[in-house]
Amino acid sequence: MTTLDIHQILKLLPHRYPFLLVDRVLSMEKGKRITALKNVTMNEPFFNGHFPHRPVMPGVLMLEAMAQAAALLSFHSLDMVPDDNTVYYFAAIDGARFKRPVEPGDQLTLEVTIDRMKAGISKFSGRALVGTELACEATLMCAMRQIN
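Residue numbers (full-length UniProt numbering): 1 to 148.
Below is the structure:
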């Protein structure tokens, strides 16, 4: 099993604060699955407006966190380190369900498995949990492309 700390993640993902949503990879199995963490703190910029009286992590950012974990899994599975010309896009999100709010102080565990990888397009099943409680689940499709 492979693990990654924040320094290794920064070498693989182009995202930076405030949009880097993976803090650590706990385990990664090539071609199969990844388990990663996002520590949710009150300092997150989206909490200023979502919602000032009751801070809640936006659902779309939970989906983005799962996609970033999926990108890390794809790179590992393909034995590649992306360069500045490699982009990893969302292609589709299906069956997204939000089961519980994610609040400051929560630790979001991202569990993503590969359903299919073919010709630069990958399909994943993703779940985001707080402890043992399901916060979000979805099927994600992502496309890796080279840009010039």
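Think of the CB as a built atom: it goes at the ideal place given N, C-alpha and C, for glycine as much as any other residue.
All figures in this text were calculated on a predicted structure; none of them were measured in a lab.
Identity of the residues DSSP links to residue i by a beta bridge
i	result
Gly-126	Val-112, Ala-138
residue 189	Only positions 1 to 148 of the chain appear in this structure, which leaves residue 189 out of reach.
Ser-27	Thr-35
Arg-145	Val-87
Proximity of residue i and residue j at Cβ, strictly below 9 angstroms
i	j	result
Leu-37	Thr-132	no
Leu-63	Ile-34	no
Test: residue i CB closer than 9 angstroms to a CB of chain C
i	result
Asp-79	In the displayed structure, chain C is absent; only one protein chain is listed.
Same chain, Cβ closer than 7 angstroms to residue i, neighbours up to 5 away in sequence not counted
i	result
Gln-146	Asn-85, Thr-86
Lys-32	Thr-113, Ile-114
Cutoff 6 angstroms; reference residue i; Cβ partners in own chain excluding five residues on either side
i	result
Glu-111	Thr-35, Arg-127
Ser-27	Met-1, Thr-35
Cβ shell of residue i (< 8 angstroms), same chain only, five flanking positions each side left out
i	result
residue 192	Because the chain in this structure spans residues 1 to 148, residue 192 falls outside the shown range and cannot be described.
For residue i, the first and last residue of its enclosing alpha helix (DSSP H)
i	result
Gly-49	Note, Gly-49: premise wrong, no alpha helix (DSSP H); not H, not E.
Phe-75	59-77
Leu-12	6-12
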